[in-house]
Amino acid sequence: MILSSVIIILGELLEFTMLTSIFLALSFHLKLSRYWIIYAVILGITGAFLYAIFFDVISLWLDGFGQEVLNAMIQFCIYICILVFCCIIFIANKKPCAKKYLQWPMILYVSLALTREGSEIFLYLSGVLSSEQAIMPVLTGSALGAGIGLSFGILIYYLFINLSYKKSLYSGYTLFLFIAAGMLSQAVRLLIQIDWLPAQKIIWNTSSWLDESSVIGRLSYTLIGYEATPTLIEVQFHIAAVSGILIATALSHHYSRNFSSGN
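Below is the structure:
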């Protein structure tokens, strides 16, 4: 029971704490105010609380698929936030006045991610508290999972602020690529489950290498959208997600270089 709670809470927090820590570290390198995190957390906790309260109502939307559609929309919006952030930060390298716009995708990412992850944690804990199963092991495991997740985020933050700005930027960018693509893949998977996208033939099976139900498999799903048995459409969207960010940031970098040379 304790281990299960640790894995569940850690899985909800790991991606959130990692990306938030990288955003804060890049804000440090760019000498941006980090007060944006306060507003983002307030918005995120409020959103998570409202989502959890109205969960039953939301679940009835769209012929009973409201939860899946809303979660897919949130994940798609998170992907867009990461894409926009990557574009702006490469422009800001040559055009410093663009830095002031970075806080908006960061605020939106944190508030959306916290709404999604926080609501699932609220629902999990409220379900445990209302049941007859042992509460203390679940609360202990949840506290341990939260502690590990937050400690991991703090470790990532101090690691990135002690790197040079260039290393922090490109290390963060690489992680953004994998996590953003995973987000879009998870959104696609939700839409396949409710038949909004066509289910297709599985193109490979890596369960013998990394089982999705294992601890590492579940954490890999959380971080990069790992799927042991993906369909063609999932792979296509995953490739499109990575390509979209690469192309958008390449165009932004090209624009910033032209702007710099023009001056």
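According to the numbering used here, the sequence shown holds residues 2 to 264 in order. Here a beta-carbon is modelled for each residue, glycine too, at the ideal position from N, C-alpha and C.
Using DSSP with H/G/I as helix, E/B as strand and the rest coil, what is residue i?
| i | result |
| --- | --- |
| threonine 207 | coil |
| threonine 230 | coil |
| glutamine 68 | helix |
| glutamine 201 | coil |
| asparagine 94 | helix |
| glutamate 13 | helix |
| lysine 168 | helix |
| isoleucine 57 | Here the sequence assigns aspartate to residue 57, which means isoleucine is not the residue at that position. Correct three-state label for aspartate 57: helix. |
| isoleucine 193 | helix |
Expressed to the nearest angstrom, what Euclidean distance is found between the alpha-carbon atoms of residue i and residue j?
| i | j | result |
| --- | --- | --- |
| aspartate 212 | valine 129 | 27 Å |
| glycine 142 | leucine 176 | 27 Å |
| serine 253 | aspartate 57 | 42 Å |
| glutamine 194 | alanine 200 | 8 Å |
| alanine 99 | glycine 218 | 39 Å |
| isoleucine 75 | glycine 45 | 12 Å |
| isoleucine 155 | isoleucine 54 | 30 Å |
| glycine 119 | serine 131 | 18 Å |
| leucine 233 | isoleucine 203 | 7 Å |
| tyrosine 52 | leucine 126 | 14 Å |
| isoleucine 8 | valine 216 | 7 Å |
| isoleucine 122 | valine 111 | 16 Å |
| leucine 124 | asparagine 163 | 37 Å |
| glycine 48 | phenylalanine 179 | 26 Å |
| leucine 61 | leucine 160 | 44 Å |
| glycine 65 | serine 214 | 27 Å |
For residue i, is the classification buried or exposed, using 16 other Cβ atoms within 10 angstroms of its Cβ as the cut-off for buried?
| i | result |
| --- | --- |
| histidine 239 | buried |
| serine 169 | buried |
| tyrosine 227 | buried |
| tyrosine 222 | buried |
| alanine 251 | exposed |
| proline 97 | exposed |
*For the region 175-191 and the region 15-27, state whether three or more C-beta atom pairs, one from each stretch, are separated by less than 8 Å.*
yes
_Count Cβ pairs between the region 77-92 and the region 103-118 that sit closer than 8 Å; are there 3 or more?_
yes
_Would you call the region 139-154 in contact with the region 60-73, where contact means no fewer than 3 C-beta pairs closer than 8 Å?_
no
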